[in-house]
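Chains as they are written, first to last, in the numbering used here: chain G, 541 to 787; chain Z, 541 to 787.
Virtual Cβ for every residue (Gly too), placed ideally from N, Cα, C.
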């Protein structure tokens with residue numbers, strides 16, 4: 541095991557093959573990295589997959605919020621630094637700072653994680669992990685927390701049937717697949733003109749194999765869009781996309 | 541730049557969040573790693589993205605074939621080793637060996653790459669790169685080459701409209717998205733019972749934004765399935781999936 545510090549940093553490299561149509565890091569890959577760096581530090585702190593699976597439990601991402609000034613571009617190195625902001629019975633807040641190849645901060649991330657029991661699918665008391673609170677960091681994450689996501693007044697609705705590749709090891713729809721489904725509600729031209737400056741996502745209920753989702757979109761303000769993924773009129777996930785014009 | 545050798549090896553780690561429903565490395569991630577390791581060695585050899593983009597050209601995967609005895613499982617380290625088998629005017633053959641955490645070989649990969657000009661979308665003479673043929677390796681790749689993919693006599697056909705997230709920096713449908721589209725033609729239950737033992741994929745024509753594909757499936761032999769992704773009755777990609785029962 542490597543030396544334990546309150547902040548954990550990992551360097552990545554954005555290959556051409558990973559880029560989106562705008563030659564930058566896709567939002568889907570961004571969220572994958574958020575999960576990856578969280579997993580890495582949790583493993584290092586002894587509260588990772590191996591420890592939790594002993595009790596048939598595991599971490600589940602409940603909310604993610606991020607703000608990016610810009611995204612890494614093709615062939616650029618970038619780093620994610622993560623730390624635990626808080627830890628209580630119900631959830632743990634984990635923040636991240638993203639830096640570009642020159643070491644300049646290009647964005648921040650806030651995440652909220654729960655632990656569920658894989659048999660009951662219910663939340664588990666996090667304090668049972670005996671997490672050492674000395675690892676809680678006071679490093680600042682200067683982006684606003686995610687407010688409650690209100691129900692969406694759809695201006696349009698799409699339908700999507702979940703399929704094999706959408707499911708992860710928990711057998712529920714993978715976070716990254718929700719991100720993808722939401723991104724796909726806007727056309728290529730929109731992303732050419734605008735960048736996702738801030739994204740807020742909240743997950744309420746697991747989606748299962750064979751279910752068909754309704755994707756509600758409120759884009760009455762094209763720069764501040766609200767989305768909801770519903771199954772049988774119950775919201776499984778809600779999101780807010782804030783776009784800014786590209787220079 | 542690191543020391544140049546004929547074979548290039550990189551170690552990866554399979555996190556829980558990356559796993560498929562069978563708790564192993566998804567075929568989509570496998571193909572991502574194939575592209576990633578290829579990119580890494582090409583960069584090291586000075587024939588990567590940065591060099592090619594000077595001429596407004598880039599590598600395009602034309603065929604991929606792999607055979608896996610098993611896939612890495614959750615929390616397992618694995619390595620990809622890659623080398624150039626051949627290099628001519630029209631294409632380059634690049635092979636790979638995959639080893640598990642204990643160093644045991646669990647699979648092999650064969651790939652065929654072309655270089656296209658991004659303006660004309662046509663193939664470019666690879667010998668213009670002045671690739672040093674001393675880097676060609678004689679290491680063996682003991683899996684059969686991919687035979688020509690015959691047209692598919694569909695037993696069933698699905699339809700899919702390409703969307704924003706399907707497109708890469710070339711603005712054509714990403715290889716990994718084709719893999720996903722093909723995998724999704726079979727239900728979760730199939731993957732619980734069978735493993736993809738061998739996969740052959742050949743790419744013929746780029747798919748563009750807004751196009752709708754027909755996915756032709758011939759699963760008359762459920763252990764040896766043929767698939768084709770067609771747009772306007774022209775095959776853009778063909779594949780063969782060989783399944784073996786899980787133990």
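Item	Value
Proximity test, residue 774 of chain G beta-carbon vs the ligand FMN heavy atom, cut-off 7 Å	You won't find the ligand FMN in this model; it holds no ligand whatsoever.
Interface positions of the region 546-560 of chain G facing chain Z (Cβ-Cβ less than 9 Å), listed along the chain	553, 555, 556, 557, 558, 559, 560
DSSP beta-bridge partners of residue 776 of chain G	BP columns for residue 776 of chain G are empty, so no partner.
Where residue 703 of chain Z meets chain G, residues with beta-carbon distance less than 8 Å	724
Cutoff 6 Å; reference residue 782 of chain Z; Cβ partners in own chain excluding five residues on either side	737, 738, 764
Chain-ordered chain G contacts of residue 579 of chain Z [CB-CB under 8 Å]	555, 556, 557
Expected contact under 8 Å - CB spacing of residue 691 of chain G and residue 734 of chain G to nearest Å	Between residue 734 of chain G and residue 691 of chain G the Cβ distance is about 25 Å, and since that is not below 8 Å, they are no contact.
Own chain, CB closer than 7 Å to residue 712 of chain G, minus 5 neighbours either side, in chain order	746, 747, 748
Beta carbon proximity, residue 541 of chain Z to chain G, threshold 8 Å	Reliability of the predicted coordinates at residue 541 of chain Z is poor, the pLDDT of 46 falling under 50, and the value obtained from them is presented with this limitation in mind. It does not; no Cβ of chain G falls within 8 Å.
Nearest candidate by alpha-carbon position, reference residue 610 of chain Z, set Z:618, Z:622, Z:680	Z:618
Beta-carbon gap between residue 731 of chain Z and residue 775 of chain Z smaller than 8 Å	no
Pair within 8 Å by beta-carbon distance, residue 596 of chain G and residue 659 of chain G	yes
Cα-Cα separation, residue 549 of chain Z to residue 715 of chain G	30 Å
Counted within 10 angstroms of its Cβ, other Cβ atoms place residue 590 of chain G as buried (16 or more) or exposed	exposed
Straight-line gap, residue 773 of chain Z to residue 608 of chain G (C-alpha atoms, nearest Å)	42 Å
Beta-bridge partners of residue 607 of chain G, as assigned by DSSP	G:648, G:738
Start and end residues, beta strand (DSSP E) containing residue 642 of chain G	No beta strand (DSSP E) contains residue 642 of chain G, which DSSP labels as neither H nor E.
Cβ-based neighbour list, residue 669 of chain G, same chain, cut-off 7 Å, excluding 5 preceding and 5 following	587
Residues that residue 701 of chain G bridges to, as DSSP identifies them	G:752
Listed by chain order, chain G residues near residue 589 of chain Z by CB distance under 8 Å	555, 556, 614, 615
At least 3 beta-carbon pairs within less than 8 Å: the region 619-634 of chain Z vs the region 642-653 of chain Z	yes
Option in G:570, G:723, G:585 with minimal Cα separation from residue 612 of chain G	G:570
7 Å CB neighbourhood of residue 580 of chain Z in its chain, flanking five on each side removed	548, 550
Spatially closest choice to residue 568 of chain Z from G:717, G:583, G:625, G:740, by CA coordinates	G:717
Range covered by the beta strand (DSSP E) that runs through residue 627 of chain Z	617-627
Every unbroken alpha helix (DSSP H) inside the region 558-596 of chain Z [4 residues or more]	567-584, 589-593
Min CB distance residue 749 of chain Z to chain G below 8 Å	yes
Residue burial classification, residue 673 of chain G (beta-carbon count within 10 angstroms, cutoff 16)	exposed
Enclosing beta strand (DSSP E) for residue 769 of chain Z [first to last residue]	764-771
Opposing strand residues paired with residue 654 of chain Z [DSSP bridges]	Z:600
Burial state of residue 541 of chain Z, where buried means 16 or more other Cβ atoms lie within 10 Å	Unreliable placement is indicated for residue 541 of chain Z, whose pLDDT of 46 sits below 50; the coordinate value is still reported in the next sentence. Its Cβ having fewer than 16 others within 10 Å, residue 541 of chain Z is exposed.
Opening and closing residue of the alpha helix (DSSP H) in which residue 730 of chain G lies	728-733
Spatial distance of residue 675 of chain G from residue 624 of chain G (CA atoms)	7 Å
Own chain residues within Cβ distance below 7 Å of residue 708 of chain Z, not counting five before or after	714
Nearest neighbour of residue 723 of chain Z, chosen from G:727, G:703, G:719 [CA to CA]	G:703
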